[in-house]
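For the sequence shown, numbering that gives the first Met the number 0 assigns the number 0 to the initial residue and increments by one for each residue that follows.
Glycine included, C-beta positions come from ideal geometry on N, C-alpha and C.
Since this is a predicted model, take the numbers as computed values, not measurements.
Report on the following structure.
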Amino acid sequence: MKPDQSFGNVEGITYFPGNGQSDKPVCIMGSIHGDERIGAAVLEELRKILTTTDLRSDVYLVLGNPEAYRENKRYIDTDMNRLFGVNRDVVSPGDTVEEKRVAEIAPVLSESHYLLDIHSTIKQSVPFVYCEPDAAHIALATLMGVEYIVSPPPDFRPADLVTSADNFVDRHGGLGITFESGWHKSELAVEDVLMRTKLFLQRTGACDFGLPEPENVQESKRLTIYNHVVPQSNSFIFARDFKSFDMVKAGELIGNDGDKEVRAEEDSFIIFPKTKIEQGKIACYVAHVS
Ligand SMILES: [Zn+2]
Numbered sequence: 000m001k002p003d004q005s006f007g008n009v010e011g012i013t014y015f016p017g018n019g020q021s022d023k024p025v026c027i028m029g030s031i032h033g034d035e036r037i038g039a040a041v042l043e044e045l046r047k048i049l050t051t052t053d054l055r056s057d058v059y060l061v062l063g064n065p066e067a068y069r070e071n072k073r074y075i076d077t078d079m080n081r082l083f084g085v086n087r088d089v090v091s092p093g094d095t096v097e098e099k100r101v102a103e104i105a106p107v108l109s110e111s112h113y114l115l116d117i118h119s120t121i122k123q124s125v126p127f128v129y130c131e132p133d134a135a136h137i138a139l140a141t142l143m144g145v146e147y148i149v150s151p152p153p154d155f156r157p158a159d160l161v162t163s164a165d166n167f168v169d170r171h172g173g174l175g176i177t178f179e180s181g182w183h184k185s186e187l188a189v190e191d192v193l194m195r196t197k198l199f200l201q202r203t204g205a206c207d208f209g210l211p212e213p214e215n216v217q218e219s220k221r222l223t224i225y226n227h228v229v230p231q232s233n234s235f236i237f238a239r240d241f242k243s244f245d246m247v248k249a250g251e252l253i254g255n256d257g258d259k260e261v262r263a264e265e266d267s268f269i270i271f272p273k274t275k276i277e278q279g280k281i282a283c284y285v286a287h288v289s
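Here you go:
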């Protein structure tokens with residue numbers, strides 16, 4: 000299947016038309032954060048592979064943020080993966096590079112039935128998937144072979160947790176998952192993420208690579224975010240240099256907020272600790288085993 004260049008010739012979007020046997024388009028996105036290089040590397044490999052693959056459904060390959068990718072920066076003006084909020088369902092481009100890019104790719108995302116959004120880190124990190132906790136999302140997340148699957152609870156939705164690309168696809172009736180593929184310095188990592196992305200395409204019915212479903216899948220730990228830490232003072236400091244999935248025991252000190260101590264209510268995992276701490280803004284989330 001030759002890629003069809005008809006998708007408005009928008010930079011960084013490659014559209015492969017399916018043969019009509021499935022009406023559930025799949026979108027694979029990478030490098031929405033421009034310094035997360037692995038997504039783009041996987042897209043480049045997929046572009047070659049899909050050219051000679053019989054596709055049942057339409058497939059879109061989307062380079063998330065081409066300008067930030069060129070500059071090897073997380074973003075140019077603003078974090079693009081916080082721009083898919085509820086009020087963005089009718090997307091009108093703002094002034095920033097990222098707002099314009101969101102407007103460009105929104106039509107693809109709203110049409111996609113499945114989204115795999117590939118992220119990675121430059122620092123060592125545990126691979127995980129972030130997605131909604133229902134069975135359909137979890138089944139897709141499990142294919143990624145991660146140690147943790149992190150989900151928000153239905154009754155706790157701070158803005159940060161509803162403004163990413165996967166949320167946008169979910170709100171349009173699809174299934175989106177965010178794949179944090181971990182630390183990527185090696186070519187091997189690209190191979191591994193590529194293989195899992197092919198499994199995703201196969202499981203979603205886009206095509207059949209003849210890949211066996213993984214046996215003895217390592218059971219992912221399911222975590223639910225139940226709270227966040229928001230500094231009330233301008234002198235909040237973490238008790239230690241937390242990284243995501245560090246554990247704290249019930250009663251253990253998470254940080255000092257002015258003259259107040261912030262302690263864990265129960266045995267918990269620290270999720271997404273920020274390096275830039277600001278008064279009134281989320282410093283980290285806390286999650287427990289689902
Ligand atoms: Zn990212």
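Beta-bridge pairing of residue i - partner residues as DSSP gives them
{"i": "A134", "result": "Looking at the DSSP assignment, A134 forms no beta bridge with any residue, so it has no partner."}
{"i": "T223", "result": "S150, H287"}
{"i": "E179", "result": "H118, F127"}
{"i": "N255", "result": "I236, E260"}
{"i": "Y113", "result": "V25, L174"}
{"i": "M246", "result": "F268"}
DSSP-derived helix/strand/coil call for residue i
{"i": "M0", "result": "Confidence is the limiting factor: at M0 the pLDDT is only 49, short of 50, which leaves the residue's position unreliable, though a coordinate-based value still follows. M0: coil per DSSP, three-state reduction."}
{"i": "L42", "result": "helix"}
{"i": "I276", "result": "coil"}
{"i": "T77", "result": "coil"}
{"i": "F268", "result": "strand"}
{"i": "M28", "result": "strand"}
{"i": "V96", "result": "helix"}
{"i": "V101", "result": "helix"}
{"i": "V161", "result": "coil"}
{"i": "V9", "result": "coil"}
{"i": "V229", "result": "coil"}
{"i": "M194", "result": "helix"}
{"i": "L142", "result": "coil"}
{"i": "L108", "result": "helix"}
{"i": "K47", "result": "helix"}
Span separating the alpha-carbon of residue i from that of residue j
{"i": "I104", "j": "D191", "result": "26 Å"}
{"i": "L193", "j": "R46", "result": "11 Å"}
{"i": "Y68", "j": "G257", "result": "39 Å"}
{"i": "S109", "j": "T203", "result": "17 Å"}
{"i": "R195", "j": "L252", "result": "38 Å"}
{"i": "M0", "j": "L49", "result": "Note that M0 has pLDDT 49, beneath the 50 cutoff, so the model's placement of it is unreliable and the number below is only indicative. So the alpha carbons of these two residues sit roughly 7 Å apart."}
{"i": "A164", "j": "I117", "result": "11 Å"}
{"i": "C26", "j": "K273", "result": "29 Å"}
{"i": "G33", "j": "L62", "result": "9 Å"}
{"i": "P153", "j": "V9", "result": "36 Å"}
{"i": "F155", "j": "S243", "result": "19 Å"}
{"i": "I137", "j": "C130", "result": "7 Å"}
{"i": "P213", "j": "S56", "result": "23 Å"}
{"i": "A140", "j": "N18", "result": "26 Å"}
Exposure of residue i, with buried meaning 16 or more beta-carbon neighbours within 10 Å
{"i": "M28", "result": "buried"}
{"i": "A263", "result": "buried"}
{"i": "T77", "result": "exposed"}
{"i": "S150", "result": "buried"}
{"i": "V107", "result": "buried"}
| message | Just to be sure I understand the criterion: a residue counts if its Cβ is closer than 6 Å to at least one heavy atom of ligand 1. Which residues meet that? | response | H32, E35, H118
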